[in-house]
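Read in order, the letters of the sequence shown are residues 414 to 932 in our numbering. Note that the Cβ used here is the ideal one computed from N, Cα and C, for glycine as well. Quick caveat: nothing in here was measured; it's all calculated off a predicted structure. One structure below.
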Amino acid sequence: MDNGVILWIDDEIDLLKPHILFLTERGYTVHTSNNGDEGVDKLKSINNIDIVFLDENMPGLSGIETLSIIKANFPNLPVVMITKSEEEHIMDDAIGASIADYLIKPVNPKQILLSVKKNLENKRLISEKTTFAYQQQFQNLGTEISPKLDHNQWTEVYKKLVFWELELSKSTDNPMQEILQMQKSEANQVFCKFYENNYLNWINGKAEDRPVLSHLLLKEKVFPLLNDNNTPLFFILIDNLRYDQWKVLQPIFEQYYRTETEDIYYSILPTTTQYARNSLFAGLLPSEIEKKYPKYWVNEGDDDTKNNYESELLAEYLKRHGYNISYSYTKVLNLTSGRKLIDNLPNLLSNQLNVIVYNFVDMLSHARTEMEVIRELADNETAYRSITQSWFNHSPLHDIVKFLSSKNVPLILTTDHGTIKVNNPVKIIGDKNTNTNLRYKTGKNLSYNNNEVFEIKKPGDAFLPKTNVSSTFVFCRNNNFFAYPNNYNYYVNYYRNTFQHGGISLEEVLIPFAILKAK
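Here it is in structure tokens:
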């Protein structure tokens, strides 16, 4: 058994024989050297060293000098610094040179073994422990998934599913990841029924207990924070941001902010920008916007952009609630507008409310459908999260967050809806005026299997605009998507395994809302 190859560089190497024997008995091969020059030569000649233990205080070439040479020639090789000194500047020098660990003499064999395992076997051990932990929780989680859950309990179930999805994504146990996806699909099936059974009562005010919905978010979660007139509040909405994507972005935000509150709220139907985001900024449901502000509502068949009037709707909303405050609304659609916003940030600090809508994640979702290169980069859920994280790390939004933190400005981070990876086609027939969204359809004389969709025959019951007398709305559930019988195979192959939104699923409906305080 060979668990790994170690090089130990220490001018008192003879005194470490008990440690070396301890490691050898546990399957490690240990090479030794009593000075830095010889140690570097052995590294170059042996070639298969997995980790180096390096004494900091050696005659001749010092530990720090040896470390610099090792890192210059073997930048990815983990090096563990061992020293008698606890002086801070030595620690700083070693850490600045990207050491893997830092141990203070005298060290015992178990300390050394722990450091080796942490650096060489970390991924395997984490994978094994995570798999075992999920196996233990699998049955409990399966028992929790029930039609009897209320909206708060569904939030907790979804959080647990996302937690295990993120944990298992670090694992090499693909079968266990597949089991989780099956459990998540089962949860989605039950959730869709729950949502359909309760949705109309929620939006019609007939339910004693309801979740926070899109059109209620600002009133219930944001406006109460405007009472402090001395502190500007920034409300950042990243379009189409799922809860799991927020969880991978959260550690980056928390370099500058503390998460004071993390909630999940429910998107209205359809779970698209046109409906959910307009409702969010208007504080009204879609048909109410159409009736009260017809010049700000654009119907499905119209050619105009569906979200050109969010700023005006927000202005009317603030006015209706008596908020006579200074505010701004900025929509960022590309890199240029993001950089322009950075330059303008100092001017926005005098406002009581600043709304920023950032569209990258939504564009990523659409680009993945249309561009083969993006399909390859975001081939699965883990990759989709990773590309979102990479974008944020290098985006103007990251710089915006850093700047606002330096000014001690509180943030709200949220979204308007999520998205789901679709793979199961559902046939539908409609006329040429039927909308093009793959997760919901609206129009007259739609033909479909009633059992495969959630249908709203009277749009007014769901506060949805009615474009003609016989208009209906139908929504896909879980990971389904609509496909026309004409050219069916081509259509299905093109859109299968793409990310879509507009329908009913945990991923689209249960979306993040976080209040962040600057560190």
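Is ILE558 helix, strand or coil by DSSP?
coil
Determine whether the beta carbon atoms of ASN893 and ASN837 lie at a separation below 7 Å.
yes
Indicate whether ILE419 and TYR441 have their beta-carbon atoms separated by less than 7 Å.
yes
Excluding five sequence neighbours on each side, which residues of the same chain lie with their C-beta closer than 8 Å to the C-beta of ILE677?
Only residues of its own chain outside the window of five on either side were considered, and among them THR568, TYR571, LYS572, TYR656, LEU923, ILE924, PRO925 and PHE926 have a CB closer than 8 Å to the CB of ILE677, listed in chain order.
Using only the alpha-carbon positions, how far apart do LEU909 and ALA513 sit?
Here the sequence assigns Arg to residue 909, which means Leu is not the residue at that position. The straight-line gap from Cα to Cα measures roughly 43 Å.
Got a sec? Which residues, its chain only, sit under 6 Å from SER860 by beta carbon, not counting five neighbours each side?
Apart from sequence neighbours up to five positions away, the residues of its chain that approach SER860 with a beta-carbon distance below 6 Å are ILE842, ordered along the chain.
How big is the Cα-Cα spacing for TYR747 and LYS634?
According to the sequence as given, residue 747 is Asn; it is not Tyr. ASN747 and LYS634: Cα-Cα distance of roughly 28 Å.
My output table needs one value for ASN532: the three-state DSSP class, helix, strand or coil.
helix
Could you tell me whether the Cβ atoms of SER458 and GLY452 are closer together than 7 Å?
For SER458 and GLY452, no; Cβs fall outside 7 Å.
Is LYS854 buried or exposed, if buried means 16 or more other CB atoms sit within 10 Å of its CB?
buried
With DSSP collapsed to three states, give me the class of PHE876.
coil
Three-state secondary structure (DSSP) at ASN935?
This structure does not reach residue 935, given that the chain is present from 414 up to 932, and the question cannot be answered.
Please state whether DSSP places ARG690 in a helix, a strand or coil.
helix
DSSP state of ILE512, grouped into three classes?
coil
Could you give the DSSP three-state label for ILE681: helix, strand or coil?
coil
Is the CB-CB distance between THR674 and ASP829 below 7 Å?
no
Can you tell me the Cα-Cα spacing of GLU599 and LYS660, whole angstroms?
The alpha-carbon atoms of GLU599 and LYS660 are separated by roughly 22 Å.
Determine which residues share a DSSP beta bridge with LEU810 and list them.
DSSP output for LEU810 lists no bridge partner at all.
Given ARG358 as reference, the closest of ASN899, THR496, GLN548 and TYR608 once Cα atoms are compared
In the structure displayed, the chain extends from 414 to 932; residue 358 sits before or after that span and is not available.
Starting from TYR722, trace the beta strand (DSSP E) both ways and give me its first and last residue.
According to the DSSP assignment, TYR722 belongs to no beta strand (DSSP E), since it is labelled neither H nor E.
Report the residue from ASN565, LYS561, LYS542 and THR556 whose alpha carbon sits nearest the alpha carbon of GLU580.
LYS542
Spatial neighbours of LEU574 within its chain, please: CB distance less than 8 Å, with the 5 preceding and 5 following residues excluded, ordered by chain position.
The residues are LEU554, LEU593, GLN596, LYS597, ALA600 and LEU919.
From this set, ASN460, ASP450 and LYS497, which residue's C-alpha is nearest SER481's C-alpha?
ASP450
DSSP three-state label for LEU762, please.
coil
With 16 other Cβ atoms within 10 Å as the buried cut-off, status of THR684
buried
What is the DSSP secondary structure of MET589, reduced to helix, strand or coil?
If DSSP states are grouped into helix, strand and coil, MET589 belongs with the helices.
Classify ASN837 as helix, strand or coil using the three-state DSSP reduction.
strand
Cβ of LEU631 within 7 Å of Cβ of GLY696?
yes
Helix, strand or coil, according to DSSP, for TYR740 in the structure here?
strand
Runs of beta strand (DSSP E) lying entirely within the segment 597-655, each at least 3 residues, in chain order:
Entirely contained in the segment 597-655, the beta strand (DSSP E) runs reaching 3 residues are, in chain order, 646-651.
Run through DSSP, which three-state label would THR832 get?
THR832 falls in the coil class under three-state DSSP.
Quick one: give me the first and last residue of the beta strand (DSSP E) that GLY735 is part of.
Counting along the chain, GLY735 falls outside any beta strand (DSSP E), and DSSP gives it neither H nor E.
Please report how far the alpha carbon of ASN900 lies from the alpha carbon of ASN848, in whole angstroms.
One C-alpha to the other measures close to 18 Å.
Please classify ALA689 as buried or exposed, where buried requires at least 16 other C-beta atoms within 10 Å of its C-beta.
With at least 16 other beta carbons inside 10 angstroms of its own, ALA689 counts as buried.
Restricting to Cα atoms, I'd like to know which of GLU713, ASN737 and THR743 is closest to SER724.
THR743
Check the DSSP bridge columns for PRO925 and list the partner residues they point to.
ILE677
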